[in-house]
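Have a look at the structure below before the remarks.
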Amino acid sequence: MPNIDIPVRELIAWPLDDYTYRPKTSHVAIAQAKAALATRQPYRAAAALLQHETDANQAAFAVQASRADLLDEMQGLDWSLGIVDLTKLLAFQRRLSFHPNHRLQLEAFGAPKPIACDTTQSGRSFTITTTDPNLHLRIVGQQPQLHTGSPFFEVAEYRGRWFLRDGYHRAYAMLRAGITQSAAVIIRARSLAELGATQPWFFSEDVLFSSHPPHVTDFLDDALNIEYTRPPLIKTLHVTIEESYKLASSQAAQGEPS
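For the sequence shown, the numbering used here assigns the number 11 to the initial residue and increments by one for each residue that follows.
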């Protein structure tokens, strides 16, 4: 693949993670961003769900709610469909990377993303390489499948605050275009894991529930961001097949025949 540097936009007014590609000379911009954040009024919780608009779109939502891929994606979660105000959403993601070869999907209920990867085999081991950071191996039903991340625009309410769960690039593009409302899958999260904010490179729970949490709209504020480039990264998945045997349940109960 071409060695094209990837543009990155990062929120810097909050505690930073350890990120190799952030410029070492950004300390002045960081101090200025923190000073700008300090002038903001403390956060006041506000629901992002637009109930009137949601009620007016129930027929369209009924069609989407029956999609098999949506039902698989939301399995085990308390979810519904609705219209949300993007300006009311908090952000647990701190960086946006703009890969020039990745098509930006703006639909709230998009088609499944195509799988783009290379696979090599050595004996019983498989190595999967990809430039897609969202590609991962997961269990659907009882079958392992490669998955490219949710194609749905997802919002979650957790502990009384509303967060963008999935679709940060879509939200950024919409807000830049002046669009402040969107259809979304709405999850009533019961834990930080259901919210999805568990990766070490996301903002911590303390930051998200502070008096000055990061908003999705903050990605548009140049005073709170820095921009830089990083080299393209290759994600690698290693899969090894191992065989084992155990007694069938009836034999286990009766003992092995002599």
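Note that CB positions come from ideal geometry on N, CA and C, so glycine has one too. Source: prediction; values computed, not measured.
Straight through space, the alpha carbons of V249 and P154 are spaced by roughly 11 Å. In the structure shown, the three-state DSSP call for Y238 is strand. Scanning H112, V94, Q68 and R105 for the CA closest to the CA of F173 turns up V94. The residue among L87, R180 and D228 with its C-alpha nearest the C-alpha of I22 is D228. A Cβ-Cβ contact shorter than 8 Å links V165 with I196. By the 16-neighbour rule on beta-carbons within 10 angstroms, Q209 is exposed. Secondary structure note for F71: its alpha helix (DSSP H) is the uninterrupted segment Q68 to A75. Of the residues assessed, N111 falls on the exposed side of the cut-off, its CB having fewer than 16 other CB atoms within 10 angstroms. Going by DSSP, H37 is part of the alpha helix (DSSP H) stretching over H37 to A48. Scanning its chain for C-beta atoms nearer than 7 Å, with the 5 sequence neighbours on each side dropped, one finds around A43 the residues I22, A23, A233 and L234, in chain order. Within the same chain, and ignoring the five residues on either side of L80 in sequence, the residues whose Cβ sits closer than 8 Å to its Cβ are Q74, F119, F162 and V195.
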